[in-house]
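Letter by letter, the sequence shown follows residues -25 to -1, 1 to 539 of mature numbering (1 follows the signal peptide of the UniProt record, and there is no 0).
We put the CB at the ideal spot given by N, CA and C, even for glycine.
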Amino acid sequence: MMRCGWRRTVAMSLAVLLVQGCATAPRVGDGRFSSPGNVSFPGEAAFVSTQWSTSSAEDEWRAEAGTRRAEVEWALARMWTVAQGEERVGAVLEFTFWVERGAFTLLSYRRRATGREASQAARAEVFPQGLRGLLTALSEGRAGALTLSLHREPSRWWVDSGSASMKEPLEARRWPSRRTGDPDGTLLAVRAMANRMVRLLQVPADSSARMTVDAALDDDRLIGWEPRLYQARSGGPVRSADAQAAEVLALAVLPFTRGLGPRTVRLVLSGMHEGGSASPHWRVDEAETLRPAPPDEAVEDVLREYRLMHADIFHRYREEMVDSVMLAGAFTLEQVTLCVIGGLVGKGLHVAFEAVAPTVMRGVTRGGRAGAHWLRTQLVRAGREDQELLRRLFVKVETEGFESLSVAERDELTRLLRRMEQSLTVKLGRDAKNALRVRARKSFYELFPELGEVLRDADGIPYDIHHLIPLEHAHLFPELDINAAANLKALGKPVHEAVNKVWNVFRQESGGAASPEQVTQMAAIVDQHFARWYNQVYEPRQSEYLLQKAMTTALDDARLLMGK
């Protein structure tokens, strides 16, 4: 079903609506949701096609049907919480969702028209008829943005649906949820925010007012809120909002908590006081997730990879109830690196650690895969104990948020980053060198698999990997990724042995106290004499004389350099 074309999905949804429309033809005054002939459907060309983060077999897709149904019921319930209080004929409520793999992520809600005279109240049990079939069909189609406009008529609601052309939003969820309610912690936090916020909602008597509020979310957690613009028309004494306004505000925020990552939801509220009522009536006219400026192209690919990983972690933790300790145990070094990049840099939290670890923070913020690879190299040299500590801390950050770290855990993270900062200017020990050599060999041949096929000795063993700036001098270049591809070359063993002899003479001549400038000059000398064999097949018969000559000349140049 997931692989079917969108036209087939539309045909199915139309058939469902026609059948339900015949079976539940509305009577005047029954307040039912119906599906008139002018319902529109998303066209194939207008929908954005995306790949799933993981591939699903047909049996897995069928097994998820119950979860997709629960997701549809959640979307229906959230729309009903808004629509149930709207009794004015002509009112138009617009909801925009991102739909992917059956998951509905609310992007925005707007009151497009306010309506005129009052109508009969709709009933919850009949509201979703027709709309349920449409959402079910759309949940099985391709990913894209879906807009649903609910129109209030005297005896019914009807829906107009369409597509919205947009890129996949950062907060989009990739799997549907079995839960139709909200986590207890989220519910309590949102209600507490609404109760505090309602004290600011004031309207002059017989007048109106508007207020804009920003709610800061991270995954399904409310982490803060801020009142923005307030405007009021002149009128009588100020009237304060009642508890009903707090409930309206809370119900508007809660649907947006079903999303991923840090984001801001902006709400525009309007209040009206009429006649002798004790308190004004407040409603939410608009609510939408703000679209941040696109990330720098240099980091976009890494952050995209991080978001895919975070979506998987969060789903396994929230929906599959996988223990965080088990998640940490399965983390690879690459995933730990992505967690640090996305969990700190992606959320702007790295600023808090710039004073403690300025070089480390510059390294991870340099951009894209270069920054991620630099950090991974530093984690290799940090050792297994610190790697395990980062795994434990950042799995908690990924599943419960950075604010969930205790004071002791934040101190652990601070001390770890300080150790990493200090180690950058300390000579590498034997264990760190060995770990970096193993990692360099693995990453080089993963990056250049074609070289791994041809650069082998007579016994079939892949060539050695040479560091242009040797590991011995890594401490002189703290911001250099010593294991970056640009610093690695494959060399046949005879060539590598000759290069090592030249560096050994340099080491002896410098007394182990070479400057960064001298090391850079020495690396240039080695390049000058041995570059012809970098990443090339070594042929002994053709190269023995040339190799001996290159080594002799390079040794002379090294002694000359150190004799200056």
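Asked: So for PRO437, helix, strand or coil by DSSP?; Found: strand
Asked: Closer than 8 Å by C-beta to THR155: which residues in its own chain qualify, once you throw out the five before and the five after it? Chain order, please.; Found: ALA45, GLU48, TRP49 and ALA52
Asked: Tell me which same chain residues have a C-beta within less than 8 Å of the C-beta of LEU313, skipping the five on either side of it?; Found: VAL277, GLU280, TYR281, MET284 and ALA347
Asked: Check whether the Cβ atoms of ALA305 and GLY358 sit closer than 9 Å, and answer yes or no.; Found: no
Asked: Would you kindly work out how many angstroms separate the C-alpha atoms of THR528 and PHE328, rounded to a whole number?; Found: 48 Å
Asked: Nearest to SER490 by CA position, among ALA167, LEU109, LEU451 and GLU222, is which residue?; Found: LEU451
Asked: Is it buried or exposed, ARG534, if we count other Cβ atoms within 10 angstroms and call 16 or more buried?; Found: exposed
Asked: Just how far apart, CA to CA, sit GLU69 and GLY211?; Found: 34 Å
Asked: Alpha carbons only, please: which of LEU455, MET537, ALA184 and VAL331 is nearest the one belonging to HIS442?; Found: LEU455
Asked: If you compare alpha carbons, which of ARG482, GLU492, SER485 and ALA461 is closest to TYR509?; Found: ALA461
Asked: Determine the burial state of ARG266: buried for a count of at least 16 other Cβ atoms within 10 Å of its Cβ, exposed for fewer.; Found: exposed
Asked: Taking 8 Å as the limit between beta carbons, can you name the residues of its chain near GLN496, skipping five residues before and five after?; Found: LEU536
Asked: In angstroms with no decimal places, state the Cα-to-Cα distance between PRO255 and ARG214.; Found: 7 Å
Asked: How long is the line joining the alpha carbons of TRP200 and ASP271, rounded to whole angstroms?; Found: 27 Å
Asked: Using a Cβ-Cβ cutoff of less than 7 Å, which residues in the same chain neighbour GLY538 once the five nearest sequence positions on both sides are dropped?; Found: none
Asked: Exposed or buried, which one is ILE436 when buried takes at least 16 other CB atoms within 10 Å?; Found: exposed
Asked: For TYR205, which three-state DSSP category applies?; Found: strand
Asked: On a CA-only basis, which of ARG117, VAL134, LEU192 and MET186 is nearest LEU145? Give me that one, please.; Found: LEU192
Asked: Measuring alpha carbon to alpha carbon, tell me which residue in TYR513, HIS504 and ARG366 is nearest ALA525.; Found: HIS504
Asked: Quick one: give me the first and last residue of the alpha helix (DSSP H) that PRO237 is part of.; Found: Careful: PRO237 lies outside any alpha helix (DSSP H), inside the beta strand (DSSP E) at 237 to 247.
Asked: Assuming contact is defined by CB atoms lying nearer than 9 Å, are ARG153 and PRO179 in contact in what I supplied?; Found: no
Asked: Between the beta-carbon of LEU121 and the beta-carbon of ALA147, is there less than 9 Å?; Found: no
Asked: Could you give the distance in angstroms between the alpha-carbon of TRP349 and the alpha-carbon of PHE377?; Found: 23 Å
Asked: Which term fits LEU125, buried or exposed, when burial requires 16 or more other beta carbons within 10 angstroms of its beta carbon?; Found: buried
Asked: Along the chain, where does the alpha helix (DSSP H) containing GLU263 start, and where does it finish?; Found: Looking at the DSSP string, GLU263 is not in any alpha helix (DSSP H); the run it does join, the beta strand (DSSP E), is 256 to 264.
Asked: Given VAL228, which residues of its chain have a CB within under 6 Å of its CB, disregarding the five upstream and five downstream residues?; Found: VAL165 and ALA190
Asked: Can you give me the C-alpha to C-alpha distance between GLU519 and VAL470, rounded to a whole angstrom?; Found: 9 Å
Asked: Near VAL74, what residues of its chain come up, given a Cβ to Cβ distance below 7 Å and the 5 sequence neighbours on each side ignored?; Found: LEU113, SER114, ALA118, GLY119 and LEU121
Asked: Verify whether the separation of the beta carbon atoms of LEU110 and PHE79 is less than 9 Å.; Found: yes
Asked: Could you tell me the alpha carbon to alpha carbon distance between VAL474 and GLN483, rounded to whole angstroms?; Found: 14 Å
Asked: In the DSSP assignment, find the beta strand (DSSP E) that holds HIS126 and state where it starts and stops.; Found: 119 to 127
Asked: Rounded to whole angstroms, how far is the Cβ of GLN362 from the Cβ of VAL331, which I believe are closer than 8 Å?; Found: Not really, about 19 Å apart at Cβ, beyond 8 Å.
Asked: For LYS464, write down the residues that DSSP places opposite it in a beta bridge.; Found: HIS441
Asked: Starting from GLU115, trace the beta strand (DSSP E) in both directions and tell me its first and last residue.; Found: Here GLU115 belongs to no beta strand (DSSP E), and DSSP marks it neither H nor E.
Asked: Just curious, the alpha helix (DSSP H) that ALA88 is in, first and last residue?; Found: Run containing ALA88: none in the alpha helix (DSSP H); it sits in the beta strand (DSSP E), 78 to 88.
Asked: Which class does GLY404 belong to by DSSP, given the choice of helix, strand or coil?; Found: coil
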